[in-house]
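Quick note: the sequence shown, position 4, residue -14 per the working numbering, numbers continuous.
Below is one structure, written out as structure tokens; comments come after it.
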Amino acid sequence: MTPPLVLASRSPRRAELLQRLGLRFACEPADIDERYEGDEMPAAHAERLAREKAFVAAGRHPDALVLAGDTVVVLGRDVLGKPRDAADAVAMLERLGGRAHDVYTAVAVRWRGRTESAVERTRVWMRTLPRADLEAYVATGEPMDKAGAYGIQGYGAALVERIEGDFFAVMGLPVVRTLVLLERLGWRYRFDAGLEPVDAP
């Protein structure tokens, strides 16, 4: 019997990607301290947070298969979080314009006391657009809950010149990497049945 699947995230994008796979799950956000520890690197930071979120949610749902993620956007040496307000969002987008930045998306899966995790790095090149266009984009409201102030799967697609890596990781969940982690914990994905034990016929 397949255990309940819990998504330890508030991200509508992660939920959307699981829904696209036909998976049934419950959303149970895990509130943790997301501050950096010392000289922690962005990839390590994202992976630690994903693992902590999975651990917290699993504590509340010990019989569930728990999935968590975290995304960090890095421009040069600067980490770009979620914008504080519209002006901050426009400022972030102006900094990103005409340059490449890195998106680190970590995913962690926990089942019966074991956690498997990984980080996917994707390089994104942004177009240079007039400030008026950036302000119009921000006015849609789309950037306000997203690290880096853009959503690649929505209006923000018009900001992106090209990417090198995993599109779905930029959305918030590296799908294939996630399925590989689930297999390590004994669960495989089937198009006609969702998740089932690896040793099922």
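Note that beta-carbon positions come from the ideal geometry of N, C-alpha and C, so glycine has one too.
Between which two residues does the alpha helix (DSSP H) carrying residue i extend?
i	result
residue 29	24 to 42
residue 76	68 to 78
residue 119	113 to 121
Would you list the one or two residues that DSSP bridges to residue i?
i	result
residue 99	90
residue 176	172
residue 82	107
residue 8	-12
Need the endpoints of the beta strand (DSSP E) that residue i sits in, please.
i	result
residue 137	Taken as a continuous stretch (DSSP letters only), residue 137 belongs to no beta strand (DSSP E), as it is neither H nor E.
residue -11	-13 to -11
residue 53	47 to 57
residue 170	169 to 172
Take residue i and list the residues in its own chain whose beta-carbon comes closer than 6 Å to its own, dropping the five residues that flank it on each side.
i	result
residue 29	88, 99, 101
residue 143	107, 109
residue 169	177
residue 164	91
residue 68	120
Got a sec? Which residues, its chain only, sit under 8 Å from residue i by beta carbon, not counting five neighbours each side?
i	result
residue 6	-13, 176
residue 239	No answer is possible for residue 239: the residues shown for the chain start at -17 and end at 183.
residue 38	-10, 12, 13, 14
residue 124	132, 133, 136, 137, 138
residue 188	Because residue 188 is not part of the residues shown, which for the chain are -17 to 183, the question remains open.
Three-state secondary structure (DSSP) at residue i?
i	result
residue 159	helix
residue 143	strand
residue 60	strand
residue 130	helix
residue 17	coil
residue -6	helix
residue 65	coil
residue 3	coil
Leaving aside the five residues before and after residue i along the sequence, list all residues of the same chain whose C-beta is less than 7 Å from its C-beta, in chain order.
i	result
residue 122	137
residue 153	-5, -1, 134, 135
residue 32	50, 51, 52, 88, 89, 90, 99
residue 11	-10, -9, -8
residue 77	57
residue 54	24, 27, 28, 61, 86, 129
residue -15	45, 46, 47
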